[in-house]
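Colleague:
There are 2 protein chains.
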Amino acid sequence: MGLETQRRTFSGSSRWQLQTKEMNEQLLSSLKVDQNRLMEDIHYVPVGALTETGMCCLALPDADKQARDWFVEAIQALDCHTTIDAMGNIFAVRPCLRNDAPLTFTGSHLDTQPTGGRYDGILGVTAGVEMLKASSTGQSNLHPPETTTTQANPSSNEEGARFPISTLSSGIWASSIPLSTAHNLREVHPGTATLSSSFSCIGCLGSTPCSHDAVPMAAHFELHIEQGPLLEASHRQIGIVKGVRAYRWYMVEVAGRACHTGTMDFGNRADLLLAAAKMVLQSHRLAMAHAALASTGVPNLKPGSTNTVLESMRYSLDTRAPADSTVETLEAQIMADFEKIAAGEGAGSLNESVTKGWPCSIKITTDSVSPAVRFHPDCIKAVTEAAASALGLGSGELTQEMSTSMTLVPCRDGVSHNPTEYTSSENCALGTRYCLSVLGFDRMRAERRVIWSYQLVWVLE
Amino acid sequence: MGLETQRRTFSGSSRWQLQTKEMNEQLLSSLKVDQNRLMEDIHYVPVGALTETGMCCLALPDADKQARDWFVEAIQALDCHTTIDAMGNIFAVRPCLRNDAPLTFTGSHLDTQPTGGRYDGILGVTAGVEMLKASSTGQSNLHPPETTTTQANPSSNEEGARFPISTLSSGIWASSIPLSTAHNLREVHPGTATLSSSFSCIGCLGSTPCSHDAVPMAAHFELHIEQGPLLEASHRQIGIVKGVRAYRWYMVEVAGRACHTGTMDFGNRADLLLAAAKMVLQSHRLAMAHAALASTGVPNLKPGSTNTVLESMRYSLDTRAPADSTVETLEAQIMADFEKIAAGEGAGSLNESVTKGWPCSIKITTDSVSPAVRFHPDCIKAVTEAAASALGLGSGELTQEMSTSMTLVPCRDGVSHNPTEYTSSENCALGTRYCLSVLGFDRMRAERRVIWSYQLVWVLE
Chain R
1 MGLETQRRTF SGSSRWQLQT KEMNEQLLSS LKVDQNRLME DIHYVPVGAL
51 TETGMCCLAL PDADKQARDW FVEAIQALDC HTTIDAMGNI FAVRPCLRND
101 APLTFTGSHL DTQPTGGRYD GILGVTAGVE MLKASSTGQS NLHPPETTTT
151 QANPSSNEEG ARFPISTLSS GIWASSIPLS TAHNLREVHP GTATLSSSFS
201 CIGCLGSTPC SHDAVPMAAH FELHIEQGPL LEASHRQIGI VKGVRAYRWY
251 MVEVAGRACH TGTMDFGNRA DLLLAAAKMV LQSHRLAMAH AALASTGVPN
301 LKPGSTNTVL ESMRYSLDTR APADSTVETL EAQIMADFEK IAAGEGAGSL
351 NESVTKGWPC SIKITTDSVS PAVRFHPDCI KAVTEAAASA LGLGSGELTQ
401 EMSTSMTLVP CRDGVSHNPT EYTSSENCAL GTRYCLSVLG FDRMRAERRV
451 IWSYQLVWVL E
Chain F
462 MGLETQRRTF SGSSRWQLQT KEMNEQLLSS LKVDQNRLME DIHYVPVGAL
512 TETGMCCLAL PDADKQARDW FVEAIQALDC HTTIDAMGNI FAVRPCLRND
562 APLTFTGSHL DTQPTGGRYD GILGVTAGVE MLKASSTGQS NLHPPETTTT
612 QANPSSNEEG ARFPISTLSS GIWASSIPLS TAHNLREVHP GTATLSSSFS
662 CIGCLGSTPC SHDAVPMAAH FELHIEQGPL LEASHRQIGI VKGVRAYRWY
712 MVEVAGRACH TGTMDFGNRA DLLLAAAKMV LQSHRLAMAH AALASTGVPN
762 LKPGSTNTVL ESMRYSLDTR APADSTVETL EAQIMADFEK IAAGEGAGSL
812 NESVTKGWPC SIKITTDSVS PAVRFHPDCI KAVTEAAASA LGLGSGELTQ
862 EMSTSMTLVP CRDGVSHNPT EYTSSENCAL GTRYCLSVLG FDRMRAERRV
912 IWSYQLVWVL E
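Chains as they are written, first to last, in the working numbering: chain R, 1 to 461; chain F, 462 to 922.
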């Protein structure tokens, strides 16, 4: 396997030569992104078509296998070697690449939300494939990018939609999540599948360990749609990610008691839905007070009926804030207030004119803790030199182990995780062109070899 | 078919003889309810066993067919004729019955809630079967009850758990619901089945029209568990229903916009779950203000994920109050407030410290309107003479066309529509014994032939 070979020769690297800024710019301008070819790939990825525009490619059902097969076929048609690791990540490497240092990768994820769009993740993967195509067509009189290749997290639950930890396989690669934690994860929807049992269903695991030791990277560049409204609102076409908010995911289980809606008075009900409604509002209010976000999702309920008070409910809670300390404070307040609400107490004005019934039981489990991340200014600079403007938001599990960058293109109305998600073909192609900014990074790492051993801290946007 | 024959001879009735009160009491005391046999039936009904105590026998899946088969087998073993009508109601009639007047029936429903108990409905059906068994064992030196037989609504969606109108087949029998409305009803859970398509699946329809003309009844007596806490709290073993609350059922559809939980700020969300939480609380508050009940159930959601703001939700709302006018006032206020909440307006203190985002859309459909019903004092009296105490709550769709009565036995903690639902064997047998109070009704209708042509209005409890 190409990458394993490179790993063995890594320690002896010494053949770096300085590329001038001018050389880079000349090379960059000679490489042409083929917009039509790119859009064909984006709309071809033949998986989970939900509607004319939507996608459903949850981690690890059959649609995900088809997406992986598409990626492998596309990169093998470009004569790339394929490495698949123990989390199903796929790395494509051209045989001609220099092998005296860790490679620079670009790529993204192929799994989607249950009712996702066609760009989230897919744009980044197809941009990587397009970059390889552009640099292998002979349009350039110069050599193709020597240290750059592509990668995809197709089976990795990067979205966190099916299993309750997002950026899962990159987190394992970066040693921030133990492999055993991942394999034992239970799906958030009704059902009993674990990541491990799902892996075995579609047979997508490789023999290479999922780790930065086995597959080292000098840097990782990801093109993504913004998934928020800021770029569009400021009439900008490109955003550069400077940091990632802290976030924590919880699973909240509330249980009351089923009874007849027509014959059981409010005072004798253990009304879980009334409690859950207060919790939705209270978590929103607490988040507001801290300039944070709190979002309730995936409510799983036992079957209900019109004339039965609901019995139990299990739902996810997603909290986010710029600083770790804010998320911690929010957690403490949410935990305390949810306990009170379940008992029929407190919760400020929410209990006004509401009958205090029997208490509900509550259990809150923390599914995922993701600290805030900041890029080092030098990393931002590497991308900024190739890109025109700098406004971004995003995520970056990989940053703990290497330089990484995320380049954003705007999406219509900021809407993502939705079949109506839309980014114009022009913006997709423009983003892909900036994705070639990895070439600029080549020069910087030649000039300043130590950049990826920094204590990388993202500048929070 | 026995009942159809009786209908043809009904108009010529003249053979009524006065039964004295003493004769009735003597007959009643001679009939013995076999408690063990009754409990065997209750726990044998071989359908939808959910847990050790629970049941799931929704209208019209296979479990419901099994329940019907059990009933038909039980009554045919007692040499009864079976009539099945166009809504799947089953009527059992002994060949020896007098056929010069409409018969008196006892019975209940066999369908349950999705997570129901073993007594709701089942007790009333098995009590009817036990009554026939008791009166055919020769224990009595007197003749067996001559005008009394049994009936079951096994396939009838009486519970309203699967299709959103309760007491459906009795409502059609009583001409208060058109047959076409029933057949076109769509199930409340995810799925596309209609009552009509479900009927055809299990082939349970008979050729007799579902109407009081085709199957006339002089009266209907139903034994039921209370489903509320009042009997137990007042240490009473028997309750007699005096009336039924008015109730209305709605289907509320709220739609927002799916987006990313981490990158979309509160102000740019159309957050349906936040709106729905306010609606749950507001409907509770409005109901409180009117001494009424409002209960949210059956929330159906599109698949969610932890990091996607939910897109749309469809849920049922059940409102109840003693007077029709209260339910009407409540409806007007709920409709107005829900519209405001969807738009992000009003709703009193619920909007305090809550971000006003984009509006959600809302659509409210009325599924079912059930007016308040009161028994005529004479009907209460007929049952009261046989029963010891009079405290009840219940339902009575049948009352618009005939005399009807519901006798209640207490259930533990008032809990019903729940697998933990429990009524002691002694109370089941006691209730069944009072169910034989139909014999008292025989005397009364012999004395006062016009009782069932009254404009029957229940006395509201």
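We treat Cβ as the ideally placed atom computed from N, Cα and C, and that holds for glycine. Because the structure is a prediction, the values reported are computed rather than measured.
Does DSSP classify G585(F) as helix, strand or coil?
Modeller: Of the three classes helix, strand and coil, the one that applies to G585(F) here is helix, per DSSP.
Colleague: Rounded to a whole number of angstroms, what is the C-alpha to C-alpha distance between A643(F) and I626(F)?
Modeller: If I take the Cα positions, the gap works out to 8 Å.
Colleague: Nearest to P880(F) by alpha carbon, out of R257(R), N89(R), A77(R) and M279(R)?
Modeller: Comparing Cα-Cα distances from P880(F) to each of R257(R), N89(R), A77(R) and M279(R), the minimum goes to R257(R).
Colleague: Is DSSP giving H212(R) helix, strand or coil here?
Modeller: H212(R) falls in the coil class under three-state DSSP.
Colleague: For S135(R) and A323(R), what's the separation of their Cα atoms in angstroms?
Modeller: Taking the straight line joining both Cα atoms gives about 40 Å.
Colleague: What residue ranges within the region 688-761 of chain F form continuous alpha helix (DSSP H) runs of no fewer than 4 residues, ordered along the chain?
Modeller: Correct list: 691-694 and 733-750.
Colleague: Am I right that A218(R) and L103(R) are in contact with their C-beta atoms under 8 Å? What's the rounded C-beta distance?
Modeller: That pair is a contact at about 6 Å.
Colleague: By Cβ distance below 7 Å, which residues in the same chain neighbour R706(F) in space, the five residues on each side in sequence not counted?
Modeller: Result list for R706(F): R781, A782, P783 and A833, in chain order.
Colleague: Run the CB neighbour count on N645(F), radius 10 Å, all protein chains shown included, and call it buried at 16 or more, exposed below.
Modeller: Its Cβ having fewer than 16 others within 10 Å, N645(F) is exposed.
Colleague: If you draw a straight line from the C-alpha of A287(R) to the C-alpha of L293(R), how long is it?
Modeller: Distance between the alpha carbons of A287(R) and L293(R) is about 5 Å.
Colleague: Which partner residues does K824(F) have in the DSSP bridge list?
Modeller: Answer by DSSP bridge pairing, in chain order: E714(F).
Colleague: Considering only DSSP beta bridges, list what I686(F) is partnered with.
Modeller: Note: I686(F) sits in a beta bridge opposite V870(F).
Colleague: Does the region 571-588 of chain F touch the region 526-545 of chain F, meaning 3 or more C-beta pairs lie closer than 8 Å?
Modeller: With the cut-off at 8 Å, the region 526-545 of chain F and the region 571-588 of chain F touch.
Colleague: Cβ of A258(R) less than 8 Å from any chain F Cβ?
Modeller: Chain F contact via Cβ: present.
Colleague: For L142(R), name the three-state secondary structure that DSSP assigns.
Modeller: In this prediction, L142(R) scores a pLDDT of 37, lower than 50, which makes its location untrustworthy; the coordinate-derived value is nonetheless stated afterwards. Note: L142(R) maps to coil in three-state DSSP.
Colleague: Using 8 Å as the cut-off, can you tell me whether the region 276-291 of chain R makes contact with the region 697-714 of chain F, which would need three or more C-beta pairs spanning the two stretches below that distance?
Modeller: Contact between the region 276-291 of chain R and the region 697-714 of chain F is absent, because fewer than three Cβ pairs lie under 8 Å.
Colleague: Sorted by chain position, which residues of the same chain lie with C-beta nearer than 7 Å to I802(F)'s C-beta, five sequence neighbours on each side aside?
Modeller: Here the set comprises A736, K739, M740, Q743 and A808.
Colleague: Give me, in chain order, the residues of the same chain whose beta-carbon lies closer than 6 Å to that of C671(F); leave out the 5 immediate sequence neighbours on both sides.
Modeller: So the list reads D546, A547, M548, I633 and W634, once near-sequence residues are dropped.
Colleague: Starting from the C-beta of D828(F), find all residues in its chain whose C-beta is less than 7 Å away, skip the five residues before and the five after it, and write them out in chain order.
Modeller: The answer, listed in chain order, is P625, I626, W710, Y711 and M712.
Colleague: Have a look at T115(R), L78(R) and N36(R) and flag the residue whose alpha-carbon is nearest the alpha-carbon of T769(F).
Modeller: Residue T115(R) is the option with its Cα nearest to T769(F).
Colleague: Could you compute how far the alpha carbon of E4(R) sits from the alpha carbon of S180(R)?
Modeller: In this prediction, E4(R) scores a pLDDT of 25, lower than 50, which makes its location untrustworthy; the coordinate-derived value is nonetheless stated afterwards. Distance between the alpha carbons of E4(R) and S180(R): 23 Å.
Colleague: Specify, as a first and last residue, the run of the alpha helix (DSSP H) that T326(R) falls within.
Modeller: Run containing T326(R): D324 to A342, per the alpha helix (DSSP H) assignment.
Colleague: Using three-state DSSP, classify H878(F) as helix, strand or coil.
Modeller: The answer is coil: DSSP assigns H878(F) none of H, G, I, E or B.
Colleague: Check each candidate in E687(F), A731(F) and A750(F) and name the one with the smallest Cα separation from C259(R).
Modeller: When each option's Cα is compared against that of C259(R), the closest is E687(F).
Colleague: Can G228(R) and M725(F) be called in contact, C-beta distance under 8 Å?
Modeller: Against a cut-off of 8 Å, the Cβ pair of M725(F) and G228(R) comes out as a contact.
Colleague: Following the continuous alpha helix (DSSP H) through Y462(R), name the residue where it begins and the one where it ends.
Modeller: Because chain R here runs from 1 to 461, residue 462(R) falls outside it and cannot be looked at.
Colleague: Who pairs with L179(R) in a beta bridge, going by DSSP?
Modeller: DSSP, once it has assigned bridges, lists no residue as partnering L179(R).
Colleague: Let me confirm a value: T192(R) is counted as buried when at least 16 other C-beta atoms fall within 10 Å, else exposed. Which label applies?
Modeller: Result: exposed.
Colleague: Pick from F727(F), D581(F) and V649(F): whose alpha carbon is nearest that of T826(F)?
Modeller: The residue with the shortest Cα to Cα distance from T826(F) is V649(F).
Colleague: What's the gap between the Cα of H43(R) and the Cα of A67(R)?
Modeller: H43(R) and A67(R): Cα-Cα distance of roughly 12 Å.
Colleague: Taking only three categories from DSSP, how would you classify D450(F)?
Modeller: No information on residue 450(F) is available, as it lies outside the stretch 462 to 922 that chain F covers here.
Colleague: Looking only at its chain, what residues have a beta carbon closer than 6 Å to the beta carbon of Y708(F), apart from the 5 residues adjacent to it on each side?
Modeller: Here the set comprises R781 and S831.
Colleague: Kindly indicate which residue of S353(R), G344(R) and N351(R) has the alpha-carbon position closest to the one of I362(R).
Modeller: Considering only alpha carbons, the answer is G344(R).
Colleague: What three-state label does DSSP hand L168(R) in the structure shown?
Modeller: Looking at L168(R) - three-state DSSP - the assignment turns out to be helix.
Colleague: Kindly indicate if chain F contains any beta-carbon less than 8 Å away from that of T82(R).
Modeller: Output row for T82(R): interface = no.
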